[in-house]
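Everything on this sheet refers to the single structure shown next.
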Amino acid sequence: MAFKSSIKDPLGALSSWSAISNSTNSFCGWRGVTCSGCVVTALCLRRLGLVGTISQDLGNLTHLRVLDLSNNKLEGAIPPSLANCFVLQKLNLSTNSLSGTIPSSLGHLSKLAVFSIESNNISGSIPSSFANLTALTTFSIFHNSIQGKIPLWLGNCTGLTNFNIEENLMSGHVPSVLSKLTYLQKFGVAGNILEGTIHPSLFNMSSLEVFNVGNNKLSGSLPPDMGFTLPKLRDFSAFNNTFEGPIPDSLSNISVLERLVLFENSFGGRIPPSIGINGLLKAFDVGNNEVEATAPRDWDFITSLANSSNLISFDVSDNNLSSTLPNTVANLSQELETMKFGGNQIDGHIPAGIGRYYKLTELVLADNLFTGTIPSDIGKLSGLQELWLEQNAFYGEIPLSLGNMTQLNLLSLSANNLDGRIPATIGKLSMLAFIDLSNNLLSGQIPQEIVSISSLTQSFDLSKNALSGPIPPQVGHLVNLGIIDLSSNKLSGEIPSTLGNCIELRFLYLQDNLLRAQIPNDLGALKGLEVLDLSNNKFSGPIPEFLENFLLLSSLNLSFNQFSGPVPNKGIFFNESSVSLASNGALCGGPPFYHFPECPSPVHDSPSRHQLMHTLIFTVVGAFSFVIICIVTCYYVKNLKPSQVGYRDQGSTFIPVMYQRITYTELSTATDSFSAENLIGRGNFGSVYKGTLFCGVNSINVAVKVLDLQQRGASQSFMSECNALKRIQHRKLVKVITVCDSLDRNGDEFKALVLEFVSNGSLDKWLHPSTERMDKLSLVQRLSIALDVAEALEYLHHCINPSIVHCDIKPSNILLDEDMTAHVGDFGLAKIINAEASRQCFGGTSSIGIKGTIGYLAPEYGMGSGISIEGDIFSYGVLLLEILTARRPTDASIHDAISLPKFVEMAYPDKLLEIMDTKMLHNGNTQDIIEMYLAPVSRLGLACCRDSPRQRPKMSEVVKELSELKEACAHKLSPFVEP
Numbered sequence: 001m002a003f004k005s006s007i008k009d010p011l012g013a014l015s016s017w018s019a020i021s022n023s024t025n026s027f028c029g030w031r032g033v034t035c036s037g038c039v040v041t042a043l044c045l046r047r048l049g050l051v052g053t054i055s056q057d058l059g060n061l062t063h064l065r066v067l068d069l070s071n072n073k074l075e076g077a078i079p080p081s082l083a084n085c086f087v088l089q090k091l092n093l094s095t096n097s098l099s100g101t102i103p104s105s106l107g108h109l110s111k112l113a114v115f116s117i118e119s120n121n122i123s124g125s126i127p128s129s130f131a132n133l134t135a136l137t138t139f140s141i142f143h144n145s146i147q148g149k150i151p152l153w154l155g156n157c158t159g160l161t162n163f164n165i166e167e168n169l170m171s172g173h174v175p176s177v178l179s180k181l182t183y184l185q186k187f188g189v190a191g192n193i194l195e196g197t198i199h200p201s202l203f204n205m206s207s208l209e210v211f212n213v214g215n216n217k218l219s220g221s222l223p224p225d226m227g228f229t230l231p232k233l234r235d236f237s238a239f240n241n242t243f244e245g246p247i248p249d250s251l252s253n254i255s256v257l258e259r260l261v262l263f264e265n266s267f268g269g270r271i272p273p274s275i276g277i278n279g280l281l282k283a284f285d286v287g288n289n290e291v292e293a294t295a296p297r298d299w300d301f302i303t304s305l306a307n308s309s310n311l312i313s314f315d316v317s318d319n320n321l322s323s324t325l326p327n328t329v330a331n332l333s334q335e336l337e338t339m340k341f342g343g344n345q346i347d348g349h350i351p352a353g354i355g356r357y358y359k360l361t362e363l364v365l366a367d368n369l370f371t372g373t374i375p376s377d378i379g380k381l382s383g384l385q386e387l388w389l390e391q392n393a394f395y396g397e398i399p400l401s402l403g404n405m406t407q408l409n410l411l412s413l414s415a416n417n418l419d420g421r422i423p424a425t426i427g428k429l430s431m432l433a434f435i436d437l438s439n440n441l442l443s444g445q446i447p448q449e450i451v452s453i454s455s456l457t458q459s460f461d462l463s464k465n466a467l468s469g470p471i472p473p474q475v476g477h478l479v480n481l482g483i484i485d486l487s488s489n490k491l492s493g494e495i496p497s498t499l500g501n502c503i504e505l506r507f508l509y510l511q512d513n514l515l516r517a518q519i520p521n522d523l524g525a526l527k528g529l530e531v532l533d534l535s536n537n538k539f540s541g542p543i544p545e546f547l548e549n550f551l552l553l554s555s556l557n558l559s560f561n562q563f564s565g566p567v568p569n570k571g572i573f574f575n576e577s578s579v580s581l582a583s584n585g586a587l588c589g590g591p592p593f594y595h596f597p598e599c600p601s602p603v604h605d606s607p608s609r610h611q612l613m614h615t616l617i618f619t620v621v622g623a624f625s626f627v628i629i630c631i632v633t634c635y636y637v638k639n640l641k642p643s644q645v646g647y648r649d650q651g652s653t654f655i656p657v658m659y660q661r662i663t664y665t666e667l668s669t670a671t672d673s674f675s676a677e678n679l680i681g682r683g684n685f686g687s688v689y690k691g692t693l694f695c696g697v698n699s700i701n702v703a704v705k706v707l708d709l710q711q712r713g714a715s716q717s718f719m720s721e722c723n724a725l726k727r728i729q730h731r732k733l734v735k736v737i738t739v740c741d742s743l744d745r746n747g748d749e750f751k752a753l754v755l756e757f758v759s760n761g762s763l764d765k766w767l768h769p770s771t772e773r774m775d776k777l778s779l780v781q782r783l784s785i786a787l788d789v790a791e792a793l794e795y796l797h798h799c800i801n802p803s804i805v806h807c808d809i810k811p812s813n814i815l816l817d818e819d820m821t822a823h824v825g826d827f828g829l830a831k832i833i834n835a836e837a838s839r840q841c842f843g844g845t846s847s848i849g850i851k852g853t854i855g856y857l858a859p860e861y862g863m864g865s866g867i868s869i870e871g872d873i874f875s876y877g878v879l880l881l882e883i884l885t886a887r888r889p890t891d892a893s894i895h896d897a898i899s900l901p902k903f904v905e906m907a908y909p910d911k912l913l914e915i916m917d918t919k920m921l922h923n924g925n926t927q928d929i930i931e932m933y934l935a936p937v938s939r940l941g942l943a944c945c946r947d948s949p950r951q952r953p954k955m956s957e958v959v960k961e962l963s964e965l966k967e968a969c970a971h972k973l974s975p976f977v978e979p
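Set out below in structure tokens:
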């Protein structure tokens, strides 16, 4: 009853548990309870949806032999009192959310045979007291965060049959004493940080059925006779290590082998010709090695694999395979879902019969020497999702039958010799996100059907062909597309104005065509453009002024056209290395480094008119000269190369000269002497004031972040933010205008950042308003804000090198502008990391201490792990759940759930409505909204908050999923969700 009182029972599984009668042992009839006489000997409550903690009072069941609470939602620590259950033989607490460490007291359970805590959040190390558990048959700590070395005392557990420490943080070597476990059937150490070689004696354990050492740092070679010493082996996985040498021929001797997974190593030689002779293989993955095939007989392994009628995965990509594929490829299992031959030197034709693999989802033949035509029966692969045929020598026309692959989301046919027209049937591929037909001999017009595929989000590349005619106006349907490349064709006519609808466009390449006329003003909507290349066309007219305002534009090529008139004098045009305007003979003006002639003065009709015009120009110049100077200076500063930036001595640090653009006096004036009325926030290292800077007759509102230099770490925070902000430029990040590093009126050191003022304040104030008068955030707005933040983090993590880790993602650091677009700010804790540091962070430690905000910190930081982008992803997951629930991670309403992610996980999916912020819902079917939108977003947030950093999704995956949900929400729920 004490156990029942500490948990919740949402499914009513324990309804039979009621008050105990004084005269009977009625509890022996309760669900899950087994008795012997009048004492409880077993408590088995698997898969009952139980929530809560495990009561310490279970330790009073001193006759308990079996305790199985697996597959529930239990939290908290493993009770040390279980050590009082002296006769306990089986302890199964797997697949819960338990945390803390393994109690060392459990080492006193000398009769314990089964110990399973897999799939929890347990940390720490394996207690040395477990050396007493010599009766163990199963030891499984799979999928936790346990660290340390594999204990040598395990060699004394001679009855052990199942040893599984996969997906932890174990390090060191694999000890040879494990070879004493003569009854061992499963040996799983994958997904750790183990290194060195595996002692040959471990390959003599004839009882082994599963041998999984993948995803470590192990090296050495495999014993040539392992197929004879491991006759019962069903699963051998050694992927993602540094093994070398040949794949043993003796593996063909294992009659029960089902999985052979060796990808990402350095295995060489030929693939054993009889590797699939047993007929039971389901997975054969040896991709990304150095195996060879130079003669027809080296392909005999294909013939033997044809015996495996249940083969699902086949991967020999990225090796040294050459010669021609044997026709026996068409005899492989019809159960195949993955077939990969890419990255070799295979020639000849695609074997006939490729269309028989109707379950295939991924076909990779790219980067080989294939020739001939693409067979039309490839269109029979109706379930195919990815087709990679690029970088071969295919010729002929693209088969019309490709239009039958309605599940296809990636199509890559580039760098071949394909000719003829692009078939309009490709327009039927309504799930296509990526298409690349570049570097071929395709001709004719671009079918309007292909530019109407609204699912395209990643890339649309038809470059380096012989396409002609106009760009179809239907290109405006590609509203979510990031890259359009139509360069190096024979396209003519004007740029369609509908291209301005593609507001997510980041890269637009139209160079080397026959396009003409002026650039349409509608392209001014493409404010996210990073690269624009219109060179080598016949464009005319003025250079559009809107290009000055494209803040993310880093490369602009307008050369070899017929542009005329003045060159803009702001924005990217003030960065000589980023703009090319060559061979546009009628241009004039602009920054002096272009060396264009001055623009001619307008013709005047009379002296009085000339005098009037002179006066007007003088007046205008006098009024706005400071504005022009400020803007040009700002853009010049932002686009300086590192080599152009000077440094001056500041004691023990160096401050970039580029930041010395404003004085203390100017900031004091702008903020009314830093008055309390202008104070808009306080942070860890200082205060933020609203201010107004004047440039001539114009003014601009700014946010001035004044560092409190008395605070420990404030100067380091200042430098961190400077180093981060000078490298980044993204519309979803708060923009830095300038920096003040000066002395105040008292002669004391003064440091401040001058930032863009974002008018609608922080997300924190919207989620947790101090007054009911604030507007409510709708569901669509919340999804948009979440997507904005995700895009900013994707940029920081993956779009700049080296990457930047923000380290303090939380609502108070997310600012909303007048359009409710979110901007990520406060880079005071940001860390610049390189790729190697990111890869090593899981095994390293940090000496800088925990930085960030409690409740948003990733759990690995508390164990000394280094800063990583995965830490930002965890913080983002907490933020996402806070956006949905309007509950802070430290909110009292979370009660004993410990954390906000655990609180949401306990309610997911059936009780989400109870914890969601109902203010974002207006009317309509609330349950439908929960299932279609809130449940998927909650699931995404929980995925970001997984305890294992390796299991968290990348921000690019988050952006993709949220983009789809936001679009669906905006279209389907607009009548039911507040605008």
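Heads up: the sequence shown begins at 1 in the UniProt record's numbering, then just goes up one per residue. All C-beta atoms, glycine included, are put in the ideal place defined by N, C-alpha and C. Since the model is a prediction, treat every value here as computed from it, not as a measurement.
May I ask which residues mark the beginning and end of the beta strand (DSSP E) holding residue i?
i	result
Phe236	Asp235 to Ser237
Using DSSP with H/G/I as helix, E/B as strand and the rest coil, what is residue i?
i	result
Met170	strand
Trp30	coil
residue 984	No answer is possible for residue 984: it lies beyond the span of the chain, which begins at 1 and ends at 979.
Asp788	helix
Pro127	coil
Lys346	Note that residue 346 is Ile in the sequence shown, not Lys. In the structure shown, Ile346 sits in a strand (DSSP, three-state: E or B).
Asn569	coil
Ser266	strand
Asn71	coil
Phe539	strand
Asp522	helix
Phe228	helix
Tyr183	coil
Ser555	strand
Arg516	strand
Phe874	helix
Arg839	At Arg839, the pLDDT of 36 sits below 50, so the modelled position is not reliable; the number obtained from the coordinates is stated separately. If DSSP states are grouped into helix, strand and coil, Arg839 belongs with the helices.
When you compare the CB positions of residue i and residue j, do they come within less than 8 angstroms of one another, or not?
i	j	result
Gly403	Pro423	yes
Pro296	Gly268	no
Leu152	Pro127	no
Asn120	Asn144	yes
Ile435	Leu411	yes
Thr671	Gly686	no
Ser455	Leu491	no
Pro224	Ser250	yes
Asp347	Thr324	yes
At which residues does the alpha helix (DSSP H) containing residue i begin and terminate?
i	result
Arg939	Ala935 to Cys944
Trp766	Leu763 to Leu767
Check whether the region 321–341 touches the region 353–365, counting contact only when three or more Cβ pairs, one atom from each stretch, lie closer than 8 angstroms. A contact exists between the region 321–341 and the region 353–365.
Can we say the region 486–504 touches the region 544–553, given the rule of at least three CB pairs closer than 8 angstroms? Because the criterion of three Cβ pairs below 8 angstroms is not met, the region 486–504 and the region 544–553 do not touch.
Is it a yes or a no for the region 820–829 touching the region 913–923, going by three-plus beta-carbon pairs under 8 angstroms? For the pair of segments examined, the region 820–829 was found not to touch the region 913–923: the number of CB pairs separated by less than 8 angstroms stays below three.
Using 8 angstroms as the Cβ pair cut-off and three pairs as the minimum, do the region 901–910 and the region 744–757 touch? These segments do not touch.
Any chance the region 128–146 sits against the region 961–970, with 3 or more Cβ pairs inside 8 angstroms? By the criterion of at least three beta-carbon pairs nearer than 8 angstroms, the region 128–146 is not in contact with the region 961–970.
Within 8 angstroms, do at least three Cβ pairs link the region 866–884 to the region 777–786? Three or more Cβ pairs drawn from the region 777–786 and the region 866–884 lie within less than 8 angstroms of each other, which places the two stretches in contact.
Are the region 72–90 and the region 24–38 in contact at 8 angstroms, needing three or more beta carbon pairs? No, the region 72–90 does not touch the region 24–38.
Which ranges would you report for the beta strand (DSSP E) in the region 289–327 if only whole runs of at least 3 residues count? Under the rule that a run must span 3 or more residues, the beta strand (DSSP E) segments found entirely inside the region 289–327 read 290–293, 313–315 and 320–324.
Along the chain, which unbroken stretches of the beta strand (DSSP E) at least 3 residues long are found entirely within the region 414–475? DSSP runs (the beta strand (DSSP E)) wholly in the region 414–475: 417–421, 434–436, 441–444, 459–461 and 466–469.
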